[in-house]
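2 protein chains.
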Amino acid sequence: MTDRPPESLETGEGDGPDGDANGVARKTLAQRVAASLRDMIVQDILPPGSRVRERTLAQQLEVSRTPMREALRILATERLVELLPNKGAIVADPSAGEVRELLSVLGVLEALAGEQAAANATDAELEEINALHYEMLASFKRRDRLTYFKLNQSIHRGIVAASHNEALKEIHAQVNARLYRVRYQSNLNNTKWHAAITEHDSILEALNDRNGPRLARIMCAHLGSTWSNVSDSIFRQENGA
Amino acid sequence: MTDRPPESLETGEGDGPDGDANGVARKTLAQRVAASLRDMIVQDILPPGSRVRERTLAQQLEVSRTPMREALRILATERLVELLPNKGAIVADPSAGEVRELLSVLGVLEALAGEQAAANATDAELEEINALHYEMLASFKRRDRLTYFKLNQSIHRGIVAASHNEALKEIHAQVNARLYRVRYQSNLNNTKWHAAITEHDSILEALNDRNGPRLARIMCAHLGSTWSNVSDSIFRQENGA
DNA sequence: GGGTTACAAATGGTATACCATTTACACAAT
DNA sequence: ATTGTGTAAATGGTATACCATTTGTAACCC
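Residue numbers (this note's numbering), protein chains in the order written: chain A, 23 to 263; chain B, 23 to 263.
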């Protein structure tokens, strides 16, 4: 558990699960509080299963209860917290089974993204994804797990974005957000790093060839490997690492 | 446009997009308001593109602004309305392109559901889906489009539920909610009714054979047919039916 | 020691007041 | 007739008060 103090309110820029800087759209306080809470969940400041005291947290973030309540509504709809009537909010704590289910969904979403990206990506988008891939390889050589994880996520988001299917992008982001913390934590313990790199090589090759069906297959299988890593990590944590 | 007065508050039972009666869980007023608003959107009482006046509507539904605001937050997170800072809520009005994107996502979700249902469905679940299919055939013979549509949706939800993938069920429901109104409206004009029945026959055959890959393929293709119907309907409405 | 009950405090849900921003409309100028 | 300006009303965003429900703790009894 990290002992960091609560973050100041999110300004709308960050490299969390949704990754995008929303500089163009003005945000309400409730939206900014929601973004801060997302961060706090991902980084275990608000650990899974913990109670979220609305008044306490509003005080810490120096906002009144109303935007805090609205923020918690947002997060509840996103399934990052569970709101129990008259009992308040609990940070979601996905079981291994639920993680597995989510990953199977993410697998088909990424497969669809792969197929549509192979057809629709601009050349510039391909180049950028390739550049991210090289940066990720560099972080692998440096054994910098945090940067590696973030770049890995950026590549996947880049592929989804290159599908030019906006609805898919949003739904993918939402599923990803539910999995982000678990994957972030499991990345710290990843013992199959080298195999993941090989898979990414294959992904990039199929993408550069614009081979939709092959890319779809590899990306779906890649999420199968993710399950393998994540389940190891969950198992290790449950047995008191 | 229908001229019905606003619904009284949802009690938590209904056959709208999420279909389930949540009798076991107590609901807050905000949740009940959200459910009523969903209904009003689906049934065009709140038409696409229309402004949602929070005070006006709260008055009509005889609730105060606070649960109305929370309800609108829920719907905004679900993308059924769009909340613009300082400007309020507008009912979502998905473009033809967006509908197409959503249907492609729904296609892969239903394909995954088909595969997992073929593996995981109980015999009782299969029997129930078959019963719904026969009821749907009966409504086809009676030319009862509304009942046909609802049964059709129940069959799809039944297949998703039979996958025993709870995460998939939720995500499917959410995508479906965004499409529900458009499909409901297009069902009223469906000129390819007979072909849809044939597709459903194939779906049921593959499901009963527990042939996962075949079921997946047919269900995904079925959504392709749905796009064909929906786009005809959108085109017809845009040209002043 | 364990179980039950009563009550105060904590906390969630809603209503309403107040402030901030946008919209609509009347009037003046060109 | 059209455009620009000012102002009041409408409406969104937040703060706070009040009510409803839950939780925690102390006292009592077996």
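Every residue gets a Cβ at the ideal spot worked out from N, C-alpha and C, and that includes glycine.
Note that this is a predicted model, so its numbers are computed, not measured.
Beta-carbon proximity check, residue i vs residue j, cutoff 8 angstroms
{"i": "Val127/A", "j": "Leu245/B", "result": "no"}
{"i": "Leu173/A", "j": "Glu147/A", "result": "no"}
{"i": "Ser58/B", "j": "Leu83/B", "result": "yes"}
{"i": "Val55/B", "j": "Val252/B", "result": "no"}
{"i": "His216/B", "j": "His155/B", "result": "no"}
{"i": "Leu16/A", "j": "Ala153/A", "result": "Because chain A in this structure spans residues 23 to 263, residue 16/A falls outside the shown range and cannot be described."}
{"i": "Thr99/B", "j": "Glu188/A", "result": "no"}
{"i": "Ile63/B", "j": "Arg232/B", "result": "no"}
{"i": "Arg91/B", "j": "Glu92/A", "result": "yes"}
{"i": "Ile181/B", "j": "Val197/A", "result": "no"}
{"i": "Leu131/A", "j": "Val130/B", "result": "yes"}
Chain A within 8 angstroms of residue i, Cβ atoms only
{"i": "Arg48/B", "result": "yes"}
{"i": "Val127/B", "result": "yes"}
{"i": "Val130/B", "result": "yes"}
{"i": "Arg91/B", "result": "yes"}
{"i": "Glu221/B", "result": "no"}
{"i": "Leu237/B", "result": "no"}
{"i": "Asn44/B", "result": "With a pLDDT of 39 at Asn44/B, under the threshold of 50, the modelled position of this residue cannot be trusted; read the value that follows with caution. Output row for Asn44/B: interface = no."}
{"i": "Leu7/B", "result": "An answer regarding residue 7/B cannot be provided, because it is not within the stretch 23 to 263 covered by chain B."}
{"i": "Leu79/B", "result": "no"}
{"i": "Leu190/B", "result": "yes"}
{"i": "Gly41/B", "result": "For Gly41/B, the pLDDT reaches just 41, beneath the cut-off of 50, and the residue's location in the model is therefore unreliable, although a value from the coordinates is still provided. So, not an interface residue."}
8 angstroms contact criterion, which residue i and residue j should meet: CB distance rounded
{"i": "Ala184/A", "j": "Ala143/A", "result": "4 angstroms"}
{"i": "Ile219/A", "j": "Ile177/A", "result": "Contact doesn't hold; Cβ gap of about 12 angstroms is too wide."}
{"i": "Gly119/B", "j": "Met241/B", "result": "22 angstroms between Cβ atoms; not a contact."}
{"i": "Pro107/B", "j": "Thr50/A", "result": "5 angstroms"}
{"i": "Arg179/A", "j": "Leu124/A", "result": "With a Cβ gap of about 16 angstroms, Arg179/A and Leu124/A do not count as contacting."}
{"i": "Arg87/B", "j": "Arg75/B", "result": "The pair is not a contact, with the Cβ atoms about 11 angstroms apart (cut-off 8 angstroms)."}
Cutoff 8 angstroms: residue i Cβ touching any chain B Cβ
{"i": "Asn187/A", "result": "yes"}
{"i": "Glu157/A", "result": "no"}
{"i": "Glu123/A", "result": "yes"}
{"i": "Glu104/A", "result": "no"}
{"i": "Arg205/A", "result": "no"}
{"i": "Leu173/A", "result": "no"}
{"i": "Glu120/A", "result": "yes"}
{"i": "Ala57/A", "result": "no"}
{"i": "Thr99/A", "result": "yes"}
{"i": "Pro107/A", "result": "yes"}
{"i": "Arg95/A", "result": "yes"}
{"i": "Leu134/A", "result": "yes"}
{"i": "Val252/A", "result": "no"}
{"i": "Val85/A", "result": "no"}
{"i": "Val74/A", "result": "no"}
{"i": "Val197/A", "result": "yes"}
{"i": "Ile193/A", "result": "yes"}
Check: Are at least three pairs of beta-carbons, each pair with one atom in the stretch 109-121 of chain A and one in the stretch 62-77 of chain A, less than 8 angstroms apart?
Finding: yes
Notebook entry, point to check: Would you call the stretch 208-227 of chain B and the stretch 159-172 of chain B touching, i.e. three or more CB-CB distances under 8 angstroms?
Noted result: yes
Item checked: Contained beta strand (DSSP E) runs [length at least 3] in the stretch 91-175 of chain B, N- to C-terminal order -> 103-106, 110-113
Checklist line | Entirely enclosed alpha helix (DSSP H) segments - the stretch 54-96 of chain A, minimum 4 residues | finding: 76-82
Check: Enumerated in chain order, which unbroken segments of the alpha helix (DSSP H) with a length of 4 residues or greater are wholly contained in the stretch 176-244 of chain B?
Finding: 188-209, 215-230
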